[in-house]
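Going down the list, the protein sequences come from chains A and B.
Heads up: the first sequence begins at 3 in our numbering, then just goes up one per residue.
Heads up: the second sequence begins at 3 in our numbering, then just goes up one per residue.
Number of protein chains: 2
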Amino acid sequence: VTGPVGSTVDGARRAYIALSCLVEPGNRDLGIAVTQDGPVRTLDRLLAGRLPGRLLAAAAPRLRAEHPLRIADAASAEADRLGARLVTPLDKEWPAQLADLVRISFETDRRIDRDTFPPLCLWVRGSWPLADVLQRSVAVVGARAATEYGDHVATELAYGLAERGWTVVSGGAYGIDAAAHRGALAANGTTVAVLACGVDRPYPAGNTNLFERIAETGLLISEWPPGAEPHRHRFLIRNRVIAALTRGTVIVEAAARSGATATLRRATQLRRAAMAVPGPVTSAMSVGTHEWLRRDDTRLVTGWQHVLEEVGAIGTDLAPVPRGPEHAHDRLDAGSAQVLEAVPLRRVASPDDIAANAGLAVPDALRALGVLLAGGYVVQRHGGYTLAPAGPPTRIAPAGERHEAKRSDDTAPG
Amino acid sequence: VTGPVGSTVDGARRAYIALSCLVEPGNRDLGIAVTQDGPVRTLDRLLAGRLPGRLLAAAAPRLRAEHPLRIADAASAEADRLGARLVTPLDKEWPAQLADLVRISFETDRRIDRDTFPPLCLWVRGSWPLADVLQRSVAVVGARAATEYGDHVATELAYGLAERGWTVVSGGAYGIDAAAHRGALAANGTTVAVLACGVDRPYPAGNTNLFERIAETGLLISEWPPGAEPHRHRFLIRNRVIAALTRGTVIVEAAARSGATATLRRATQLRRAAMAVPGPVTSAMSVGTHEWLRRDDTRLVTGWQHVLEEVGAIGTDLAPVPRGPEHAHDRLDAGSAQVLEAVPLRRVASPDDIAANAGLAVPDALRALGVLLAGGYVVQRHGGYTLAPAGPPTRIAPAGERHEAKRSDDTAPG
Chain A
3 VTGPVGSTVD
13 GARRAYIALS
23 CLVEPGNRDL
33 GIAVTQDGPV
43 RTLDRLLAGR
53 LPGRLLAAAA
63 PRLRAEHPLR
73 IADAASAEAD
83 RLGARLVTPL
93 DKEWPAQLAD
103 LVRISFETDR
113 RIDRDTFPPL
123 CLWVRGSWPL
133 ADVLQRSVAV
143 VGARAATEYG
153 DHVATELAYG
163 LAERGWTVVS
173 GGAYGIDAAA
183 HRGALAANGT
193 TVAVLACGVD
203 RPYPAGNTNL
213 FERIAETGLL
223 ISEWPPGAEP
233 HRHRFLIRNR
243 VIAALTRGTV
253 IVEAAARSGA
263 TATLRRATQL
273 RRAAMAVPGP
283 VTSAMSVGTH
293 EWLRRDDTRL
303 VTGWQHVLEE
313 VGAIGTDLAP
323 VPRGPEHAHD
333 RLDAGSAQVL
343 EAVPLRRVAS
353 PDDIAANAGL
363 AVPDALRALG
373 VLLAGGYVVQ
383 RHGGYTLAPA
393 GPPTRIAPAG
403 ERHEAKRSDD
413 TAPG
Chain B
3 VTGPVGSTVD
13 GARRAYIALS
23 CLVEPGNRDL
33 GIAVTQDGPV
43 RTLDRLLAGR
53 LPGRLLAAAA
63 PRLRAEHPLR
73 IADAASAEAD
83 RLGARLVTPL
93 DKEWPAQLAD
103 LVRISFETDR
113 RIDRDTFPPL
123 CLWVRGSWPL
133 ADVLQRSVAV
143 VGARAATEYG
153 DHVATELAYG
163 LAERGWTVVS
173 GGAYGIDAAA
183 HRGALAANGT
193 TVAVLACGVD
203 RPYPAGNTNL
213 FERIAETGLL
223 ISEWPPGAEP
233 HRHRFLIRNR
243 VIAALTRGTV
253 IVEAAARSGA
263 TATLRRATQL
273 RRAAMAVPGP
283 VTSAMSVGTH
293 EWLRRDDTRL
303 VTGWQHVLEE
313 VGAIGTDLAP
323 VPRGPEHAHD
333 RLDAGSAQVL
343 EAVPLRRVAS
353 PDDIAANAGL
363 AVPDALRALG
373 VLLAGGYVVQ
383 RHGGYTLAPA
393 GPPTRIAPAG
403 ERHEAKRSDD
413 TAPG
C-alpha cells in the first residue's frame, strides 16, 4: 500500500481511521477539510501538503514514519487485539447525531471553541451497536469531588433512567460520573463511558472494575487510539461527544467555574436539553449547578421523571433519532413494522409478549416475526426474539464477530 | 353621629376604617364598590342597602349594633389604647404599591381568587412610616416545618438584605418566617411582620418575644382589627399583602402543594420578582420550591446578592416606589433636592457626611439643610439630620404622637 488512498468504501473508511490517528480529535482545520471534501480527498490533500500549515505540522511526525493506509490497518489490528472495534461515519452503527457538532463548530467562537468538530472514528469496546444503544440516551455528569448527596442523587437518577430503558452516558470519572454508571448497572440497564484516553487502559485506574462491568454490558468509547494518555485538554474535547451523543445532559454537582459544566454548555449549543439538579446553597459542590440554573436555558430536575419530560419532548417523544434517508422499517408492510416495534432491543421477548405488545393475535405476530427474521430485522435467542444488531457482521470487523459470539451467550442487559 | 358619613377627608378616612371593620379584608364586592365610588359613597350605599346582597349580609350584624362612624371612632380609640395606629389610603404613609392588587383582582379568576382587593385600612404597631419602611423591601417566606437548612438560609438571607438597608417582610410564623425576622433583627435592620390576626395578640404566641422586638424596631401590620383570630383562610388573604408591599418574594422552603408558595404566586401575578432558594432534592421541604423553580417566572437565588439583582432591576434600581402624582421633592430647588437625597432614612447623619454624600461643600449643604428643615423635609437629632417622618403628627393620630416621642429617644435601627 503505497499508492493513492482510493475511493472505495473501504478506502474511505481507512481514510477516516488514518485521519483520526494523525491529528487530535475535534481539530478545526481537519474538520473543515473533511466536511468540504470527505476523508479520501482530505487525506490526499494532506499527503500532498495542500492543507493549512499547522495541520500539516501536526500530522507530519506520524506521516513521515508510515503510510496512512498502514496506520489504518495497524489501528484495526490493534482494535482486534484489544477486543475493540473501530466505528466510522461510514458504518451503520455510527451515531448520526454527532453530525450536529459540525453546525456548532461553524457557529461558535473559533478562538474559544477550536476543537468541536465531530470525531472521525470511535474506538468501541462492548457488544451492542453504538447507534442503537445511544438512540435513547441521557448524559449524567458532574464533579469528581462529589458529596455524598451528589453521589446519592446521581445513582438514583441513573437507576431510574436505566430502569426505563434509557442509556446513561457519562465520562467514567470519580464522583458523579462513577455514581451514574453504577446506578445504571444496578438497574441492569445500559451505560456508556466516553473516555478521554485509550480504551485499552481506561482512566482513572481506580475505576477499572467499573470499566470492565461497563464493557461487559454497555460500551466503552474513545476518540483516542489505545495508549493515549488522559491529558487535561482531552477531557474538554471529549465532553462535546457526551453532549452530542445524548438527547440531554444533566449535571448533578459542579463547583463554581468548574469543568463539570462544560458538557452542559455544549448541550445548550447543540440544542439538546440542558438540565441540572439543585442542591443545598450551602454546598460548594452545588455552586456551579445553581449558576447554570439561573440561566433560562437550563431546566431544574429533581429526578428521572423530570429528565424524561425534557428529553422525551424532543421531536416525537421517544421517536428514534433519524439515521439517514432510508430506514429499515420503511421497507416493511404495516403488520410487520407493527410487530418490529414490539420487539425489544437488548432483551429477549417471547412471541406471546410480542403479540400482546403489538396488539395482535399470536399467529399473526408469529407470521410477522418470520418475515422479520428472514429479513434480518430480528434474531432468535432462547426461544424468544430480540432486535438484530444494527450493522452486519462484516461491517463490525473481526471484533464484531467476537461480539456476535458473545451475544449468543445472552449476556444482554435487562 | 347619626347623619350621613360626609365628604371631608376625615369623613373619608373614617369610612375606610368603618368599612374595613365591617367586612373581611380583600372582599371582592366591597373592593369593586370602593374602587368605583370611593369609601364615602360606598358606605352610604351600604347603609342604604344598595350593594350586593351577600355583602350587605356580611356587614349586617355589626351595622345593626352600631353606626359606622362610631365603629371607626371606636377603632381609633382601640388603636390608641394598644399603642397602635390606623393607616388608610388617605394617609401619607399608606404604601401606594398596594393599589396593584386592584389590577390583579380584575385580571385573576374570580372563582379562585375572590378576596384579592387591597386592604382599606391597616393596623400598625411600630414607629416608622409604613411607606418609607416598605420602600425598599423584600418578602422572605416559607414553610413552618422548616429544616435546619432552611432556617439557616433564611436567616443568612434576611441578615444580608437588612444589613444593606432592605426591609425584610414576612408573616411571623414559625420556621422560615421567624428565621427571616430574626436574621433582619440580628443585622440591626428593619423587619415587618404582616399578621393574619389582630396586632394586639400576634399569632403564634410562641413568637411573642419576637413580635415585641419587631414592634420596637420595625412594624407589626394587620388588616384585621384587634381580637381577630388567625383563621386558616385569613393567612391566604394576608399573603397578597406581603406580596404587594414588597418588590419581590423569596421562598426558602416549601412542601409540595403547600400554602407557602401562595405568596410567590401573588408576587408573580403582581409582576413582582418571584424567587426561590433551592435545597437538596432529597428534602420534602424543598419539593415546593423546586416545583416553582421549574417555572420560567421564578428565579433561583442562593443569597442576598442574587435577590438584590432581581429587586434592584425593577424600575431605576433603588428608585423610591412612586407614592402619587405630587412628590415632596418636586417642590424643591435642585441643590436642596440633592441634599435631601443624601439625608438618611431612619439614621442620623452629620452635616459633613451629608455634604460628602451629596458631593457639595459643607456650607452649601448646611444652607440646603436649613431649607429642608424649614420645609419639614428633615428633622434634627443629636446634632445631625434624618428624614422627617412621612405623615404630619396630626395624621398619625394619638398613637403617632407617642411614636414621635419615641423617635426622639433615637431608637432608630442601624
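Every residue, glycine too, gets a C-beta built ideally from N, C-alpha and C.
With respect to valine 279(B), valine 140(B) sits apart: the two C-beta atoms are not nearer than 7 Å. For valine 279(B), a Cβ of chain A is located within less than 7 Å of the residue's own Cβ.
Residues Leu187 of the same chain have their beta carbon placed closer than 7 Å to that of arginine 215(A), with the five preceding and five following residues left out of the count.
Tyr151, His154, Val155: these are the residues of the segment 138 to 161 of chain B whose beta carbon lies less than 8 Å from some beta carbon of chain A, given in chain order.
Using a 10 angstroms sphere on the CB of glutamine 382(B), the tally of other CB atoms stays under 16, which defines it as exposed. Across the set Asp39(A), Ile106(A), Ser224(A), Leu53(A), the C-alpha of Ser224(A) shows the shortest separation from the C-alpha of alanine 86(A).
Annotation for asparagine 359(B): Ala344 place their beta carbon closer than 7 Å to its own, counting only its chain and skipping 5 residues before and after.
Contacts between aspartate 299(A) and chain B, judged by CB atoms closer than 8 Å, are missing: the closest CB pair is about 11 Å apart. Remark: three or more beta-carbon pairs, one from each stretch, lie closer than 8 Å, so the segment 225 to 235 of chain A and the segment 116 to 134 of chain A are flagged as touching. Straight-line measurement puts the Cα of alanine 145(B) at about 46 Å from the Cα of arginine 349(A).
In the displayed model, valine 143(B) falls within a strand according to three-state DSSP.
Rounded to the nearest angstrom, the Cβ distance from valine 243(B) to alanine 182(B) is 16 Å, too far for a contact under 8 Å. For glycine 378(A), the closest C-alpha among the options Leu368(A), Ala370(A), Ala390(A), His384(A) is that of Ala390(A).
For the segment 169 to 227 of chain A, the full-length beta strand (DSSP E) segments reaching 3 residues or more read 169 to 172, 193 to 197, 221 to 224 along the chain.
Residue environment for histidine 235(A): exposed (fewer than 16 other C-beta atoms within 10 angstroms of its C-beta). CA-CA distance, proline 204(B) to valine 196(B), rounds to 10 Å. Within the DSSP secondary-structure output, tryptophan 125(A) pairs in a beta bridge with Leu88(A), Ser224(A). In the DSSP secondary-structure assignment, tyrosine 387(A) is bridged to Ala351(A), Gln382(A).
Taking 8 Å as the upper bound on Cβ-Cβ separation, chain B lies near residues Val279, Pro280, Gly281, Pro282, Val283, Thr284 of the segment 262 to 287 of chain A.
Counted as a single uninterrupted DSSP element, the beta strand (DSSP E) harbouring glycine 250(A) occupies residues 250 to 253. Valine 11(B) counts as exposed, since fewer than 16 other beta carbons sit within 10 angstroms of its beta carbon.
Taking the beta carbon of histidine 292(A) as reference, the chain B residues within 8 Å of it are Pro280, Leu302, Thr304, listed in sequence order. With its beta carbon less than 7 Å from one in chain B, leucine 295(A) belongs to the interface. The C-alpha of isoleucine 356(B) is placed about 7 Å away from the C-alpha of valine 341(B).
The Cβ-Cβ distance between glutamate 312(A) and arginine 301(A) falls below 7 Å. Scanning the segment 233 to 306 of chain B for uninterrupted alpha helix (DSSP H) segments of 4 residues or longer gives 234 to 247, 264 to 271, 289 to 295, listed from N- to C-terminal end.
Going by C-alpha positions, arginine 296(B) is about 24 Å away from alanine 148(A).
In the three-state reduction of the DSSP assignment, aspartate 39(A) falls in the helix class, which pools H, G and I. In this structure, the straight-line span from the alpha carbon of glutamate 255(A) to that of alanine 276(B) is close to 25 Å. Taking every protein chain shown into account, the CB of proline 41(B) has 16 or more other CB atoms within 10 angstroms, so this residue is buried. With fewer than 16 other Cβ atoms from the protein chains shown falling within 10 Å of its own Cβ, alanine 50(B) counts as exposed. Counting only the Cα atoms, leucine 103(B) lies some 23 Å from arginine 47(B). Under a 10 Å Cβ-count criterion, glycine 173(B) is classified as buried, with 16 or more other Cβ atoms of the shown protein chains found around its own Cβ. Note that the C-beta distance between valine 309(A) and valine 252(A) is below 7 Å. The beta carbons of leucine 136(A) and valine 194(A) sit about 7 Å from each other, so the pair counts as a contact at 8 Å. Within its own chain, the residues whose Cβ lies closer than 7 Å to the Cβ of aspartate 299(B), once the five positions on either side in sequence are excluded, are Thr270, Ala276, listed in chain order.
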